[in-house]
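There are 2 protein chains.
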Amino acid sequence: MSIRFPSKLLEEAVNEFSSLPGIGRKTAFRLVMHLLRRDSAEVRRFGETITRLREDVCYCSVCHGISDTPVCEICSDSSRDISTICVVESVQDVMAVENTRQYRGLYHVLGGIISPVDGVGPSDLTIANLEERVRRGGIREVILALSTTMEGDTTNFYIYKRLAGHDIRITTLARGVAIGDILEYTDEITLGQSIINRRLFSLPSQG
Amino acid sequence: MSIRFPSKLLEEAVNEFSSLPGIGRKTAFRLVMHLLRRDSAEVRRFGETITRLREDVCYCSVCHGISDTPVCEICSDSSRDISTICVVESVQDVMAVENTRQYRGLYHVLGGIISPVDGVGPSDLTIANLEERVRRGGIREVILALSTTMEGDTTNFYIYKRLAGHDIRITTLARGVAIGDILEYTDEITLGQSIINRRLFSLPSQG
Chain A
40 MSIRFPSKLL
50 EEAVNEFSSL
60 PGIGRKTAFR
70 LVMHLLRRDS
80 AEVRRFGETI
90 TRLREDVCYC
100 SVCHGISDTP
110 VCEICSDSSR
120 DISTICVVES
130 VQDVMAVENT
140 RQYRGLYHVL
150 GGIISPVDGV
160 GPSDLTIANL
170 EERVRRGGIR
180 EVILALSTTM
190 EGDTTNFYIY
200 KRLAGHDIRI
210 TTLARGVAIG
220 DILEYTDEIT
230 LGQSIINRRL
240 FSLPSQG
Chain B
40 MSIRFPSKLL
50 EEAVNEFSSL
60 PGIGRKTAFR
70 LVMHLLRRDS
80 AEVRRFGETI
90 TRLREDVCYC
100 SVCHGISDTP
110 VCEICSDSSR
120 DISTICVVES
130 VQDVMAVENT
140 RQYRGLYHVL
150 GGIISPVDGV
160 GPSDLTIANL
170 EERVRRGGIR
180 EVILALSTTM
190 EGDTTNFYIY
200 KRLAGHDIRI
210 TTLARGVAIG
220 DILEYTDEIT
230 LGQSIINRRL
240 FSLPSQG
């Protein structure tokens, strides 16, 4: 669309929306037209929420996740197991693990993953802060919960080397056939790993 | 996702984005995380552009299209043919017709289309204003350029009845096989119309 816009305001709004990942010009236009039909107060709230988000966003000084307070709810929750740290890439991953309701320890948000292609090195991540948390003591286990990609493996390896001198267990998430997966369509590496790491069969416990 | 957010700010921003049509919660989250990585000044501009869009948006008093000025650029362009009005549903359609560079007349933006299902009646549109423009005189032709849907046909018919008493030509866009279309896959109604309205073959003019 090399279209001349009838209004600068309109054009600017379409440009702003098009700058978001995955939003093309047609979609941006549709979103802008939708906002124009919405109540003025609602749209003002939308705009202000975005501005406030970026300006007032705060990161937890302990786990580096997004938080409204200097120390996040999870890190300041005294009922949690403070001897275990689960290392994740982003705050989305914290939410994904929390959603399982299977984990009661703390987190450490790296803020990314080592990726030479994207120019992300160890110093761009919060790995030094993780090491500092471990050095302060009281940690018994660090769970590496990164993506099972080349970048994830590289980052796992790097963190493992950095923490190796400390008296802690370093674990990673179990790899295996996902629940609901059809064996025929499971990739051979996952399937191979799940055979190597096979476990004793147990009947499901009677709830 | 019934996930508890680690931050109210984050949750509010995700909620705002999810309120847009076609944006689900996962996409909203991705957009918000993208904004958090962007420069603070850029994000402030984004937020302010949205707020300003809705508050400062202005509609042309003649054609009712979106404009930055009380009378839009097209309506105030003295080189255009002021005796022809092209009636369209929205400002996107104005831009689509302008983009063809085949039309030098004026426009009239209805702001929608008659759709009893969606609760849109004639009084919700700018049809009375169109009639007023015609009544003031100087108009020779009104082109009905609405979608070729049931709602478009209803609206065409309604406008036709309202304007029938005036000494003007009322035309609609030609219906036919779209350029690039394969005949076999053209629907029978379009194909039938294009046979009925067949035209004399002419060799393309030598540019």
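Respectively, the protein sequence lines represent chains A and B.
Heads up: the first sequence is residues 40 to 246, going by the numbering used here.
Heads up: the second sequence is residues 40 to 246, going by the numbering used here.
For each residue, glycine too, the CB sits at the ideal point set by N, CA and C.
Alpha-carbon spacing of Cys168 of chain A relative to Ile124 of chain A, whole angstroms: Position 129 of the first sequence, counted from the start, is the residue given in the question as residue 168 of chain A. Position 85 of the first sequence, counted from the start, is the residue given in the question as residue 124 of chain A. First, the amino acid is wrong: residue 168 of chain A is Asn here, not Cys. If you take the alpha carbons of Asn168 of chain A and Ile124 of chain A, they lie about 12 Å apart.
C-alpha gap between Asp95 of chain B and Ile178 of chain A, whole angstroms: Locating residue 95 of chain B in the second sequence gives position 56, where the first residue counts as 1. Locating residue 178 of chain A in the first sequence gives position 139, where the first residue counts as 1. Approximately 56 Å, taken between the alpha carbons.
Beta strand (DSSP E) segment containing Gly144 of chain A, residue limits: Walking along the first sequence from the start, residue 144 of chain A turns up at place 105. Here the beta strand (DSSP E) through Gly144 of chain A covers Gly144 to Val148.
Amino acids of chain B, ordered along the chain, whose beta-carbon sits closer than 9 Å to that of Ser79 of chain A: Translated into the one-based positions of the first sequence, residue 79 of chain A becomes position 40. Result: Arg93 and Glu94.
Status (buried if at least 16 other CB within 10 Å, exposed otherwise) for Ile2 of chain B: With chain B represented from 40 up to 246, any question about residue 2 of chain B goes unanswered, as that position is not in the structure.
Three-way DSSP call (helix, strand, coil) for Thr194 of chain B in this model: As a first step, residue 194 of chain B is located in the second sequence; it is residue number 155 there, counting from the start. Three-state result, Thr194 of chain B: helix.
Leu75 of chain A to Cys97 of chain B span [Cα, whole Å]: By one-based count along the first sequence, residue 75 of chain A stands at place 36. By one-based count along the second sequence, residue 97 of chain B stands at place 58. Roughly 11 Å between the two C-alpha positions.
Neighbour list for His73 of chain A in chain B, Cβ cutoff strictly below 8 Å: Here residue 73 of chain A refers to the residue found at position 34 when the first sequence is read from its first residue. Those are Leu59 and Pro60, listed as they occur along chain B.
7 Å CB neighbourhood of Leu202 of chain A in its chain, flanking five on each side removed: One-based indexing of the first sequence puts residue 202 of chain A at position 163. For Leu202 of chain A, where only same-chain residues beyond five positions count, the Cβ hits under 7 Å are Glu170, Val173, Val181 and Ile209.
Close-in-space but distant-in-sequence residues of the same chain around Leu212 of chain A (CB under 6 Å, 5 per side omitted): What you label residue 212 of chain A is simply residue 173 of the first sequence in a count that begins at 1. Hits under 6 Å: Ala184.
Environment of Pro45 of chain A [buried if 16+ CB atoms lie within 10 Å]: What you label residue 45 of chain A is simply residue 6 of the first sequence in a count that begins at 1. So Pro45 of chain A ends up on the buried side.
Beta-carbon contacts of Ile166 of chain A that lie in its chain and below 8 Å, excluding the five residues immediately before and after: Within the first sequence, numbered from 1, the residue matching residue 166 of chain A stands at position 127. So the list reads Leu149, Tyr197, Ile198 and Arg201, once near-sequence residues are dropped.
Endpoints, alpha helix (DSSP H) assigned at Ser233 of chain B: For the purposes of this step, residue 233 of chain B is taken as residue 194 along the second sequence, with counting starting at 1. Where Ser233 of chain B is concerned, the enclosing alpha helix (DSSP H) stretches over Glu227 to Ile235.
Beta bridge counterpart(s) of Thr165 of chain A as assigned by DSSP: If you number the first sequence from 1, residue 165 of chain A lands on position 126. Bridge partners of Thr165 of chain A: none, in fact.
Ser57 of chain A versus Pro60 of chain B - alpha carbon distance: Stepping through the first sequence from its first residue, residue 57 of chain A is reached at position 18. Stepping through the second sequence from its first residue, residue 60 of chain B is reached at position 21. Cα-Cα distance, rounded: 15 Å.
Alpha-carbon to alpha-carbon, Gly151 of chain B and Ser129 of chain B: The residue you call residue 129 of chain B lines up with position 90 of the second sequence. The residue you call residue 151 of chain B lines up with position 112 of the second sequence. So the two alpha carbons sit approximately 6 Å from each other.
Supposed contact pair Val216 of chain A and Tyr230 of chain A - C-beta distance, whole angstroms, cut 8 Å: Against the first sequence, residue 230 of chain A aligns to sequence position 191. Against the first sequence, residue 216 of chain A aligns to sequence position 177. With the sequence shown as reference, residue 230 of chain A is identified as Leu, and Tyr is not the correct amino acid for it. Right, the Cβ-Cβ distance comes to about 7 Å (below 8 Å), so this counts as a contact.
CB contact check: Asp157 of chain B to chain A, cutoff 8 Å: Taking the first residue of the second sequence as 1, we reach residue 157 of chain B at position 118. No - not a single Cβ of chain A is within 8 Å of the one on Asp157 of chain B.
Cβ-based burial, Glu81 of chain B [other Cβ within 10 Å; buried from 16]: Position 42 of the second sequence, counting from 1, holds the residue named residue 81 of chain B. That one is exposed.
Interface flag, Cys125 of chain B vs chain A, CB-CB below 8 Å: For the purposes of this step, residue 125 of chain B is taken as the residue at position 86 of the second sequence. Not an interface residue.
Start and end residues, alpha helix (DSSP H) containing Ile182 of chain A: One-based indexing of the first sequence puts residue 182 of chain A at position 143. From DSSP, Ile182 of chain A is part of no alpha helix (DSSP H) but of the beta strand (DSSP E) over Glu180 to Leu183.
Coarse secondary structure for Val101 of chain A, derived from DSSP in three states: One-based indexing of the first sequence puts residue 101 of chain A at position 62. Coil, per DSSP.
Rounded separation between Ser241 of chain A and Ile218 of chain A - CA only: Counting from 1 along the first sequence, the entry for residue 241 of chain A is found at position 202. Counting from 1 along the first sequence, the entry for residue 218 of chain A is found at position 179. Using only the alpha carbons, I get a separation of about 16 Å.
Ile105 of chain A: contacting residues in chain B (beta-carbon distance under 7 Å): For the purposes of this step, residue 105 of chain A is identified with residue 66 of the first sequence, where counting begins at 1. The answer, in chain order, is Pro45, Ser46 and Leu49.
Whole-angstrom distance between Thr193 of chain B and Glu227 of chain B, CA atom to CA atom: Position 188 of the second sequence holds residue 227 of chain B. Position 154 of the second sequence holds residue 193 of chain B. Whole-angstrom Cα-Cα distance: 21 Å.
Glu137 of chain A and Arg43 of chain B closer than 8 Å at C-beta: By 1-based counting over the first sequence, the position of residue 137 of chain A is 98. By 1-based counting over the second sequence, the position of residue 43 of chain B is 4. Going by C-beta atoms, Glu137 of chain A is nearer than 8 Å to Arg43 of chain B.
Check: Gly177 of chain B C-beta below 7 Å from any heavy atom of the ligand FMN: Absent from the structure shown: the ligand FMN. Ligands present: none.
Thr187 of chain A versus A:Arg214, A:Asp163 and A:Pro161, residue with shortest Cα-Cα distance: Your numbering for residue 187 of chain A matches position 148 in the first sequence. The option with the nearest alpha carbon to Thr187 of chain A is A:Arg214.
Chain-ordered chain B contacts of Val82 of chain A [CB-CB under 9 Å]: Within the first sequence, numbered from 1, the residue matching residue 82 of chain A stands at position 43. The answer, in chain order, is Ile89, Thr90, Leu92, Arg93 and Glu94.
Any chain B beta carbon closer than 8 Å to Leu70 of chain A: Within the first sequence, the letter at position 31 stands for residue 70 of chain A. Chain B, which has a Cβ nearer than 8 Å to the Cβ of Leu70 of chain A, makes this yes.
Beta-carbon spacing of Leu145 of chain A, Cys102 of chain A below 8 Å: As a position in the first sequence, residue 145 of chain A is number 106, starting the count at 1. As a position in the first sequence, residue 102 of chain A is number 63, starting the count at 1. Taking 8 Å as the Cβ cut-off, Leu145 of chain A and Cys102 of chain A qualify as a contacting pair.
Contact set between Val130 of chain A and chain B, taken where Cβ atoms lie within less than 7 Å: To locate residue 130 of chain A, count along the first sequence from 1; it is residue 91. Per Cβ cutoff of 7 Å: Pro45.
Residues near Ser122 of chain B in its chain [Cβ-Cβ closer than 8 Å; skip 5 each side]: In the second sequence, counting from the first residue as 1, residue 122 of chain B sits at position 83. Here the set comprises Gly144, Gly177, Ile178, Arg179 and Glu180.
Neighbour flag for Gly86 of chain B against chain A, beta carbons, 8 Å: Counted from its first residue, the second sequence places residue 86 of chain B at position 47. Chain A, which has a Cβ nearer than 8 Å to the Cβ of Gly86 of chain B, makes this yes.
Limits of the alpha helix (DSSP H) - the one that Ile89 of chain B falls within: For the purposes of this step, residue 89 of chain B is taken as the residue at position 50 of the second sequence. Here the alpha helix (DSSP H) through Ile89 of chain B covers Ser79 to Asp95.
Within chain A, partners of Val133 of chain B - CB distance below 7 Å: What you label residue 133 of chain B is simply residue 94 of the second sequence in a count that begins at 1. By Cβ distance, chain A contributes Pro45.
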